[in-house]
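In what follows, a structure is listed as structure tokens, so that the remarks can point back to it.
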Amino acid sequence: MGEKRGRLVEPMDLDLSEICGTKHAVACTSGTTALHLAFATLGIGPGDEVIVPTFTMIATANAVRYAGGTPVFVDSEPETGNLDPGQVERAITPRTKAVVPIHTYGHPADMERLLAICAKHGLYLVEDAAEAHGAEWKGRRAGSIGEVGCFSFYANKIITTGEGGMLVTDNPDLARISRNLRDHAFSEERHFWHKFTGYNYRMTNLQAAVGVAQMERIDSFVETRRRNASRYTAGLAGLPGLSTPVEKPGFKNVFWMYGIRLDETAFGLDRDGLRRELAERGIETRTFFIPMHLQPIFFKAAGGEYPVA
């Protein structure tokens, strides 16, 4: 079915696999569909549980449901906002099949502990690296550490194709199956012959052209963000009640977002008041994600307490 494949899609696959240090990459229509392909390829289905942070964009949890699985929500670490490994281990049941850390706002999750937990319990580790293009843990690029890594190229991401996504892996079988599923699961045996349920998740040639042009500049994009973050941190240092992002030893934070937190009593102003003051000075801000356990679609099933999120 080569007539439907843009000639620049494969070069974009090769570019990101080289950047991440993986053997394979599969371009698709969004970060959400990359996650769905990952779960479908790994065989996640009805009756399976997938552990995800409650503090995330809803796409992560929705993709689990697309595959027929059940998202199980876990609280975050206070410093980074990433998935708390201690909470992950307590959430594992006989039905758990995978753990999905999000590298929140560009700081990689605690991969050492999460890898050990997944190895101990025989679970897949699927990285949601939508916010972490170029981020690193111990010199390894985000997305290359688990069985599968998933990226978003949405309009506000470090690399953008307007809409778009990509799955990366070292496993040739996962790559082959993902490529097939993203293209309606066409069979090579016979034209318009299908043995599996596939999806229309192909990236367009136009999107790939936009992406390829940016891939060679990813290091400069990341360094600009890191330089800006350093300026923010220096300028905000010492303000009572205001916490700035961290970069833990052995990690490289790419600061997709520069998230601050307030102790409103110590700071003397609440969040919305600060946002109004900044807006009057032409400084744009946005609020953090609303946790999944507070979302109407999930709060009845979520249960538990999530004090950090």
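Numbering of the sequence shown is given in the numbering used here, commencing with residue 82 and proceeding in unit increments.
No residue lacks a Cβ here, since even glycine has one placed at the ideal position from N, Cα and C.
Just so it is clear, the structure is predicted and the values come from calculations on it, not from any experiment.
Inset, instruction - List the whole-angstrom C-beta distance separating residue 240 from residue 295, where the pair is believed to meet the contact cut-off of C-beta under 8 Å. - result: 5 Å
Inset, instruction - Quick one: measure Cβ to Cβ for residue 103 and residue 251, integer angstroms, because I've assumed they're closer than 8 Å. - result: 5 Å
Legend entry - Neighbourhood of residue 84 by C-beta, 8 Å cutoff - its chain only, sequence neighbours within 5 removed: Confidence at residue 84 is low in this model, with a pLDDT of 46, below 50, so its placement is unreliable and the value that follows should be read with caution. Closer than 8 Å at Cβ, skipping near neighbours: no residue.
Legend entry - Contacting residues, own chain, Cβ-Cβ under 7 Å from residue 292 (five flanking each side not counted): 93, 234, 240, 242 and 245
Legend entry - 6 Å Cβ shell around residue 101 - same chain, five flanking residues per side excluded: 222, 224, 225 and 249
Inset, instruction - Check residue 393 in the structure and name its three-state DSSP category. - result: With the chain represented from 82 up to 390, any question about residue 393 goes unanswered, as that position is not in the structure.
Inset, instruction - Report yes or no: do three or more beta-carbon pairs, one from the stretch 271-289 and one from the stretch 305-315, lie closer than 8 Å? - result: no
Legend entry - Cα-Cα separation, residue 331 to residue 281: 39 Å
Inset, instruction - Identify, in the order they occur along the chain, each residue of the same chain with its Cβ nearer than 6 Å to the Cβ of residue 133, setting aside the five sequence neighbours on each side. - result: 141, 142, 152 and 181
Legend entry - Segment contact, 8 Å Cβ cut-off, at least three pairs: the stretch 121-131 with the stretch 166-182: yes
Legend entry - residue 209, enclosing alpha helix (DSSP H) - first and last residue: Where residue 209 is concerned, there is no enclosing alpha helix (DSSP H), although the beta strand (DSSP E) it sits in stretches over 205-209.
Legend entry - Contact set for residue 323: own chain, Cβ-Cβ below 7 Å, skip 5 residues either direction: 317, 341, 343 and 348
Inset, instruction - In angstroms with no decimal places, state the Cα-to-Cα distance between residue 172 and residue 198. - result: 11 Å
Inset, instruction - Quick one: give me the first and last residue of the beta strand (DSSP E) that residue 178 is part of. - result: 177-180
Inset, instruction - Pull up the distance between the alpha-carbon of residue 358 and that of residue 237, whole angstroms please. - result: 24 Å
Inset, instruction - Tell whether a beta-carbon distance below 8 Å holds between residue 183 and residue 165. - result: no
Legend entry - Residues that DSSP places opposite residue 106 in a beta bridge: 249
Inset, instruction - Could you tell me whether the Cβ atoms of residue 191 and residue 387 are closer together than 8 Å? - result: no
Inset, instruction - For residue 123, collect the residues of the same chain with a Cβ closer than 6 Å to its Cβ; drop the 5 residues on either side in sequence, then sort them by chain order. - result: 205
Legend entry - Among 185, 201 and 196, nearest to residue 229 - alpha-carbon criterion: 196
Inset, instruction - Please state if the CB of residue 373 and the CB of residue 139 are separated by a distance shorter than 8 Å. - result: yes
Legend entry - Boundaries (first-last residue) of the beta strand (DSSP E) holding residue 152: 151-155
Inset, instruction - Within the stretch 262-349, note down every full alpha helix (DSSP H) run reaching 4 residues or more, in order along the chain. - result: 286-296, 299-317 and 345-348
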